[in-house]
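*Asks:*
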């Protein structure tokens, strides 16, 4: 099923470190496209930080999710990180937060804040995209209505191509929520003579956000 989500760039591991009550927390984050990639990344981090006290993780990959406290008290690391990823509408991402114990116990609440806080701070420096459910469609109108219809729907979609035959057919892409609006505009503007036909449903990174989480 197609779902809206936020994602991060591919091909790079993003690392962030914090020190809380003498314990080192190191977040490593990577884009993943398969469960195998997520499991491989987790294994790489465990090998890299083999001497760490804990290597806790969480990943979200569409409907595939997994998280682990790796020896921390139950529900203080992996689950809170997963919940935070869900709250940020993240997908196709795997996070491993490593802890080197510094001698001071943080308590359950302190651990939750430390793991989720380190992960959240790490995301602040990562560029991200918003992926949304979109539809591709064809708008077919008479020549006499073409310019009027094109201006009317321009705010709701991008025109990908225009074909001129006995009529004018525009290939457009729009977010799913605007599809019915465009259909209604086409019908009203052409007095019911225009045709709006959805041809494909896709997931598009139609906005590149330069801001941060």
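Residue numbers (our numbering): 3 to 215.
Even glycine gets a Cβ: it sits at the ideal position worked out from N, Cα and C.
These numbers come from a predicted model, not from an experiment.
1. Let me know if residue 43 comes out buried or exposed under the rule of 16 or more other beta-carbons within 10 Å of its beta-carbon.
2. Do residue 204 and residue 107 come within 8 angstroms of each other at the CB atom, strictly closer than that value?
3. Below 6 angstroms CB to CB, which residues in the same chain sit around residue 181 once its five sequence neighbours on both sides are set aside?
4. With DSSP as the reference, please indicate the residues paired to residue 92 in a beta bridge.
5. Going by alpha carbons, who is nearest to residue 188 out of 175, 160, 164 and 150?
6. Quick test of your reading: residue 28 and residue 100, contact by CB under 8 angstroms. State the CB separation rounded to the nearest angstrom.
7. Determine the closest residue to residue 116 out of 172, 202 and 86, with distance taken between C-alpha atoms.
8. Over the uninterrupted alpha helix (DSSP H) stretch that includes residue 145, give me the two end residues.
9. Nearest by alpha-carbon distance to residue 12: which of 170, 191 and 94 is it?
10. According to DSSP, simplified to helix, strand and coil, what is residue 125?
11. Within the same chain, show all residues whose beta-carbon is closer than 6 angstroms to that of residue 177, passing over the 5 residues directly before and after it, in chain order.
12. Is the beta carbon of residue 84 sitting closer than 8 angstroms to the one on residue 67?
*Replies:* Based on what the coordinates show:
1. Looking at its Cβ environment, which holds 16 or more other Cβ atoms inside 10 Å, residue 43 is buried.
2. No; because the gap between Cβ atoms is not below 8 angstroms, this pair is not in contact.
3. Its chain contains 137 as the residues whose beta carbon lies nearer than 6 angstroms to that of residue 181, once the 5 sequence neighbours on both sides are disregarded; these appear in chain order.
4. Secondary-structure assignment with DSSP links residue 92 through a beta bridge to 8.
5. Of the candidates 175, 160, 164 and 150, the one whose C-alpha sits nearest the C-alpha of residue 188 is 150.
6. With 8 angstroms as the limit, residue 28 and residue 100 qualify as a contact, their Cβ atoms being about 4 angstroms apart.
7. From the listed residues 172, 202 and 86, the smallest Cα separation to residue 116 is found for 86.
8. Residues 145-155.
9. For the set 170, 191 and 94, the Cα lying nearest the Cα of residue 12 is the one of 94.
10. Three-state result, residue 125: helix.
11. Closer than 6 angstroms at Cβ, skipping near neighbours: 134 and 136.
12. Inclusion of residue 84 and residue 67 in the CB contact set at 8 angstroms is warranted, their separation being smaller than that value.
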